[in-house]
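Student: Residue numbers (this note's numbering): 133 to 549. Beta carbons are placed, not taken as given, at the ideal position from N, Cα and C, and that holds for glycine.
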């Protein structure tokens with residue numbers, strides 16, 4: 133009661149007392165119906181409307197706020213699954229056509245059960261809607277509760293609910309939840325624990341939705357790093373094999389190998405340059421997208437802080453719920469700003485690494501070209517045999533000279549005998 137005594141309460145006429153009793157009975161009936169739907173697993177926009185009418189009547193019902201959270205989370209999961217299924221449906225159409233011919237009977241049974249479930253859920257939803265409309269009619273006659281502001285939002289939500297859960301955008305759904313909590317706070321229910329907890333949960337979901345590109349970017353970066361490590365390991369193994377193979381090869385095929393290596397190196401350099409350009413473009417695009425997402429998150433948190441300041445200044449400066457919520461939002465805002473600064477520094481470091489790797493690759497290519505030129509010059513400067521062609525290695529010349537000297541010594545020894 134917050135300091136109010138029963139003696140100070142206004143005395144109501146018996147007619148108004150009877151109206152209040154009728155509203156309480158209808159509210160209990162609607163609460164029982166909604167709890168049954170929650171236990172049966174009904175997660176529909178109609179349930180959102182019914183819970184809204186009951187929460188506007190009494191905002192301290194924690195099971196209804198939790199039921200709304202479950203419905204919103206189911207909408208999130210259904211939207212994600214629909215996007216993934218739409219991308220994979222084109223590849224699985226042929227398999228489904230082949231399987232449908234063999235599985236006609238179970239599909240018919242499942243459709244019957246689904247139709248029965250739909251009819252039962254629709255009947256329960258219609259009964260809950262009837263109870264909620266009766267509560268609305270009784271409210272219009274009373275002077276205690278006002279629902280004029282919620283009628284327009286209910287009509288808009290009813291038109292969107294007919295199209296189904298998939299058509300409802302998640303961002304608009306979260307925005308409607310924030311508007312609901314703000315409306316209830318403005319009506320004098322700013323000291324409800326469940327209301328503030330629900331608002332903080334919805335705000336966290338909205339921030340999570342805004343920062344989805346950042347999470348995807350980090351996942352792709354981790355995958356790229358793993359791929360780069362695997363490529364480096366493969367290149368090291370190939371270099372070892374190439375070194376052993378080059379040692380075993382004959383020296384006469386060195387010219388051909390060198391030419392092939394030069395061509396391969398040129399192709400690798402071109403590929404590296406193309407990859408570096410693509411990486412720079414992707415980094416610039418990713419940076420702009422990430423910064424825009426974080427800017428949106430920062431703007432949302434700043435608006436929330438401004439709303440908390442207005443509430444504390446205009447209505448109640450001692451509302452500890454609002455102070456606690458404001459402190460939490462301030463921490464989130466500081467984290468978002470710190471994240472934005474780290475993104476700028478990380479992008480600059482990546483650009484520096486890309487430039488350094490390009491310079492190192494070009495320097496290594498120049499060194500390899502110089503070494504190859506030196507080897508070619510040495511091979512061209514080698515002496516040739518008197519009756520042979522150029523390009524024969526010194527080892528072959530020395531071997532031929534030693535063989536000739538042996539033959540001469542053997543012939544001289546035979547003549548002396």
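CB-CB under 8 Å to residue 201, same chain, minus the five flanking residues each way: which ones, in chain order?
Tutor: Here the set comprises 330, 333.
Student: Go ahead and label residue 551 buried or exposed: buried means 16 or more other beta carbons lie within 10 angstroms of its beta carbon, across all protein chains shown.
Tutor: Any answer about residue 551 is impossible in this case: the structure gives the chain only from 133 up to 549.
Student: Considering just the uninterrupted stretch of the alpha helix (DSSP H) at residue 303, what are its terminal residues?
Tutor: Start and end: 302-318.
Student: Report the rounded CA-to-CA distance for residue 323 versus residue 359, giving the unit in angstroms.
Tutor: Approximately 54 Å between the Cα atoms of the pair.
Student: Compare the beta carbon distance of residue 341 and residue 302 with 8 Å and say whether it is the shorter of the two.
Tutor: Cβ distance < 8 Å, so residue 341 and residue 302 count as in contact.
Student: Let me know if residue 189 comes out buried or exposed under the rule of 16 or more other beta-carbons within 10 Å of its beta-carbon.
Tutor: With 16 or more other Cβ atoms within 10 Å, it is buried.
Student: Can you list the alpha helix (DSSP H) stretches of 4 or more residues lying completely in the segment 156-213, in chain order?
Tutor: The segment 156-213 contains these whole alpha helix (DSSP H) runs: 177-189.
Student: Keeping to the same chain, check which residues put their C-beta closer than 6 Å to that of residue 187; ignore five residues upstream and five downstream.
Tutor: Cβ within range, chain order: 196.
Student: Does the contact criterion of 3 or more C-beta pairs under 8 Å hold for the segment 312-328 versus the segment 441-454?
Tutor: Counting Cβ pairs under 8 Å, three or more are found: they touch.
Student: For the alpha helix (DSSP H) containing residue 331, list its first residue and its last residue.
Tutor: Start and end: 325-342.
Student: Restricting to Cα atoms, I'd like to know which of 366, 346, 339 is closest to residue 433.
Tutor: Residue 433 has its Cα closest to that of 339, out of 366, 346, 339.
Student: Can you give the Cα-Cα distance for residue 405 and residue 396, rounded to whole angstroms?
Tutor: Distance between the alpha carbons of residue 405 and residue 396 is about 14 Å.
Student: Work out the CA separation of residue 198 and residue 161 for me, nearest whole Å.
Tutor: About 19 Å.
Student: Is residue 448 helix, strand or coil when you go by DSSP?
Tutor: DSSP places residue 448 in coil when its eight states are reduced to three.
Student: Out of 448, 348, 173, point me to the one whose CA is closest to residue 552's CA.
Tutor: The requested residue 552 does not occur in the structure, where the chain is confined to residues 133 to 549.
Student: Please state the DSSP three-state secondary structure of residue 420.
Tutor: The answer is helix: DSSP assigns residue 420 an H, G or I state.
Student: Put residue 141 into one of helix, strand or coil per three-state DSSP.
Tutor: Three-state result, residue 141: coil.
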